[in-house]
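Here the structure is laid out as structure tokens; the discussion comes afterwards.
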Amino acid sequence: MNDPTRRKLLASTALLMGVGAGCSSISDAPQDNSSADGSGSNIAEGTVQPAPGTELYVDQNVANFPQSPDIPSFGITAEGIFQHNGTSGGWSPIQYGSDSSSIPKIVAQTATVGSDPSGRPLISNGRQVVYVDPVNGDDSADGSEDAPLRTVQEAVQRAPIYLRHQYVIDLATVPNLPVTYDEDILVPAIIGTGQAGKENGAPQRGPYLNLDIRGDSDDASAVKIGSIMFGNVIGTAAGNVFSITITRDSPYDDEQHGLSAYGNSEVSLYDITFAGGSTNGILAYGARIKAEGIDFGQRNLGVGLKAKRHASIIIDESVGETTGDAFRATENSKITIRDETSVTGNPQYNTLRGGLLFDEESDTWYGISGTSTTDSPGPAGDSAESRLRLRSDHPESTSPGEMWYVDGSGEVAEGFYGRLESGIEKIK
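The opening position of the sequence shown corresponds to residue 1 in the numbering used here, with each subsequent residue numbered one higher.
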């Protein structure tokens, strides 16, 4: 993400969180961290103080900060994040800090000025694990293992908007298993940076999972949830769901799917089971989904996997049988079906209005124009199917209206091609 884009995101987020006039600062002055039980700390996991030897300022504009602070300082504004070295040179914009000068870690709700209309933290300050128990939990608790929340929705609402670290929602550690969360989860907008290697104390460089909703890795059927919908969760490895069972449709749209992602969401799904109760399985609506280890059940669902409105889905190592389309790609969307996936339907593949399907096992593309359906990845059974085999070059003999795909291994550039009256032209 380049600096101008990032600053726009920060500006929008800071304004949303109510950053207003009047400068507020948080320093590293000594604080009494003693607890009532004598343990020496009352700071919850994920809540740490500003970096030693620095001071943090929060205001609408950088011009309102002290022009010559006595010690190295950082400032968060609607214009972005700034740094002052405490001697000379003024305030300068920064991106992530560095190993030698890390951005102070704070609770953003404490740092903001004015009201906080969303009730959510602005910026993550460290890895955090939130525990949930639908029977003995309390949504006013701190979400620790000893004081879990009651609902998954409360846990996702506490996820920071600008997520620089991992945020785990643990659904299986505290409650007695099996457990049912009688909820329809709506995951709000999250910006996941995926910049683990640039954060102070990060375990390794490169992207890692930001938001992580985790069930029971030993048995996905042990943790049941009504439905889950992601709304514009963006960034590297931003949204992830592990080892749960979906039991019904999401009530937040009319698409009738148990698990869905909208907008620019980037979501990964692992070890998900559909137990019956939802009309259809997984929907990517303009979003990008990677699905692995999905069990669609035996004739429990109509459509298994649907990509709509420029969406993209990759599915791997999944099984099941649907009563309708096993895979449906529509409105310029694409679905890639990996070799070890065995999901059948009636029909197997369906493409509409520019949708594309690629079956790795048969090395075959389906779709590109009109509507095409086929019950298997074998030889075409009728002329309504648009079936495109991979080629290394243009076919020797073609007729106007024919289309094919060149894989780029020969002299012809990779892409889709068609024969018009005027000759061969690249389509995409």
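Heads up, the beta-carbon is just placed ideally off N, CA and C, and yes, glycines get one too.
- Exposure of residue 411, with buried meaning 16 or more beta-carbon neighbours within 10 Å: One-based indexing of the sequence shown puts residue 411 at position 411. Exposed.
- With a 10 Å radius around its C-beta and 16 neighbouring C-beta atoms as the bar for buried, classify residue 110 as buried or exposed. Taking the sequence shown and counting its residues from 1, the one referred to as residue 110 is at position 110. Only weak support exists for where residue 110 lies, its pLDDT of 43 falling under 50; the coordinates are left without a value.
- Message: Can you tell me which residues form a DSSP beta bridge with residue 223?
- Response: Position 223 of the sequence shown, counting from 1, holds the residue named residue 223. Answer is 179.
- Message: For residue 261, report the span of its beta strand (DSSP E) as first-last.
- Response: If you number the sequence shown from 1, residue 261 lands on position 261. First-last of the beta strand (DSSP E) with residue 261: 257-262.
- Figure out for me which residue from 171, 302, 187 and 327 has the closest Cα to the Cα of residue 180. Residue numbering aside, residue 180 sits at position 180 when the sequence shown is read from its first letter. Measuring from the Cα of residue 180, the nearest candidate turns out to be 171.
- Mind checking which residues open and close the beta strand (DSSP E) that includes residue 266? On the sequence shown, residue 266 is found 266 positions in, with the first residue counted as 1. Per DSSP, residue 266 belongs to the beta strand (DSSP E) from 266-274.
- Task: Grab me the residues of residue 167's own chain with a C-beta within less than 6 Å of its C-beta, minus the 5 sequence neighbours each way, in chain order.
- Result: Counting from 1 along the sequence shown, the entry for residue 167 is found at position 167. Answer for residue 167: 128, 159 and 211, listed in chain order.
- So which of 367, 266, 323 and 278 has the shortest CA-CA distance to residue 284? Position 284 of the sequence shown, counted from the first residue, corresponds to residue 284. It is 266.
- Message: Quick check: what's the CA-CA separation for residue 391 versus residue 406?
- Response: By one-based count along the sequence shown, residue 391 stands at place 391. By one-based count along the sequence shown, residue 406 stands at place 406. About 5 Å.
- Message: Taking a contact to mean a Cβ-Cβ separation below 8 Å, would you say residue 262 touches residue 242 in this structure?
- Response: Your numbering for residue 262 matches position 262 in the sequence shown. Your numbering for residue 242 matches position 242 in the sequence shown. For residue 262 and residue 242, no; Cβs fall outside 8 Å.
- Go ahead and pull the three-state DSSP assignment for residue 83. Start at 1 with the first residue of the sequence shown, and residue 83 comes out as number 83. Three-state DSSP puts residue 83 in a strand.
- Query: Closest to residue 77 by CA distance: which of 89, 93 and 69 is it?
  - Reply: Position 77 of the sequence shown, counted from the first residue, corresponds to residue 77. It is 93 whose Cα lies nearest to the Cα of residue 77.
- Query: What separation, rounded to the nearest whole angstrom, lies between the Cα atoms of residue 152 and residue 264?
  - Reply: On the sequence shown, residue 152 is found 152 positions in, with the first residue counted as 1. On the sequence shown, residue 264 is found 264 positions in, with the first residue counted as 1. In a straight line, the C-alpha of residue 152 is about 22 Å away from that of residue 264.
- Would you identify the three-state DSSP class for residue 154, choosing helix, strand or coil? As a first step, residue 154 is located in the sequence shown; it is residue number 154 there, counting from the start. Three-state result, residue 154: helix.
- Query: Quick one, are the C-beta atoms of residue 131 and residue 144 less than 8 Å apart?
  - Reply: By one-based count along the sequence shown, residue 131 stands at place 131. By one-based count along the sequence shown, residue 144 stands at place 144. Against a cut-off of 8 Å, the Cβ pair of residue 144 and residue 131 comes out as a contact.
- Answer with buried or exposed for residue 414, where buried requires no fewer than 16 other C-beta atoms within 10 angstroms of its C-beta. Within the sequence shown, the letter at position 414 stands for residue 414. Exposed is the call here.
- Which of the three DSSP states, helix, strand or coil, is assigned to residue 411? Here residue 411 is taken as the residue at index 411 of the sequence shown, counted from 1. Residue state, collapsed to three classes: coil.
- Query: Are the CB atoms of residue 394 and residue 427 nearer to each other than 8 Å?
  - Reply: Counted from its first residue, the sequence shown places residue 394 at position 394. Counted from its first residue, the sequence shown places residue 427 at position 427. No. Outside cutoff.
- May I have the straight-line CA-CA distance separating residue 233 from residue 367, to the nearest angstrom? Within the sequence shown, the letter at position 233 stands for residue 233. Within the sequence shown, the letter at position 367 stands for residue 367. Those two C-alpha atoms are separated by around 29 Å.
- Under the DSSP definition of a beta bridge, which residues are partnered with residue 190? On the sequence shown, residue 190 is found 190 positions in, with the first residue counted as 1. For residue 190, which the question treats as bridged, DSSP gives the partners 233.
- Message: Starting from residue 281, trace the beta strand (DSSP E) in both directions and tell me its first and last residue.
- Response: On the sequence shown, residue 281 is found 281 positions in, with the first residue counted as 1. 280-285 is the extent of the beta strand (DSSP E) around residue 281.
- Task: Would you identify the three-state DSSP class for residue 240, choosing helix, strand or coil?
- Result: Walking along the sequence shown from the start, residue 240 turns up at place 240. It is a strand residue.
- According to DSSP, is residue 332 helix, strand or coil? Here residue 332 refers to the residue found at position 332 of the sequence shown. Here residue 332 sits in coil by DSSP.
- Would you decide whether residue 83 is buried or exposed? Buried here means 16 or more other CB atoms lie within 10 Å of its CB. Locating residue 83 in the sequence shown gives position 83, counting from the first residue. Counting Cβ neighbours within 10 Å, residue 83 comes out buried, since at least 16 surround it.
- Identify which residue in 217, 193 and 304 has its Cα closest to the Cα of residue 315. On the sequence shown, position 315 is the one that residue 315 refers to. The residue with the shortest Cα to Cα distance from residue 315 is 304.
- Message: Nearest by alpha-carbon distance to residue 323: which of 339, 344 and 331 is it?
- Response: Residue mapping note: residue 323 aligns to position 323 of the sequence shown, counting from 1. Closest by alpha carbon: 344.
- Just grab the DSSP bridge partners of residue 147 for me. Working through the sequence shown from its first residue, we reach residue 147 at position 147. Per DSSP, none; premise fails for residue 147.
- Candidates 164, 165 and 169: which alpha carbon is nearest residue 142's? By 1-based counting over the sequence shown, the position of residue 142 is 142. Closest option to residue 142, Cα to Cα, is 169.
- Under the rule that 16 or more other beta-carbon atoms within 10 Å means buried, what is residue 422, buried or exposed? Translated into the one-based positions of the sequence shown, residue 422 becomes position 422. Residue 422 is exposed by the Cβ-count criterion.
- Range covered by the beta strand (DSSP E) that runs through residue 307: The sequence position of residue 307 within the sequence shown is 307, counting from 1. Unbroken beta strand (DSSP E) run through residue 307: 305-308.
- Task: Just grab the DSSP bridge partners of residue 420 for me.
- Result: In the sequence shown, residue 420 corresponds to position 420, counting from 1. For residue 420, which the question treats as bridged, DSSP gives the partners 423.
- Message: For residue 278 and residue 311, which I take to be in contact (beta-carbon distance under 8 Å), what is that distance rounded to the nearest angstrom?
- Response: Numbered from 1 along the sequence shown, position 278 holds the residue referred to as residue 278. Numbered from 1 along the sequence shown, position 311 holds the residue referred to as residue 311. Actually they do not touch by this definition, with Cβ atoms about 19 Å apart.
- Could you check if residue 361 is buried or exposed, using at least 16 other CB atoms within 10 Å of its CB as the buried criterion? The count along the sequence shown starts at 1 and reaches residue 361 at position 361. That one is exposed.
- Can you say whether residue 280 is buried or exposed, counting buried as having 16 or more other CB atoms within 10 angstroms of its CB? The count along the sequence shown starts at 1 and reaches residue 280 at position 280. Result: buried.
- Message: Can you look up residue 326 in the DSSP assignment and give me helix, strand or coil?
- Response: Numbered from 1 along the sequence shown, position 326 holds the residue referred to as residue 326. If DSSP states are grouped into helix, strand and coil, residue 326 belongs with coil.
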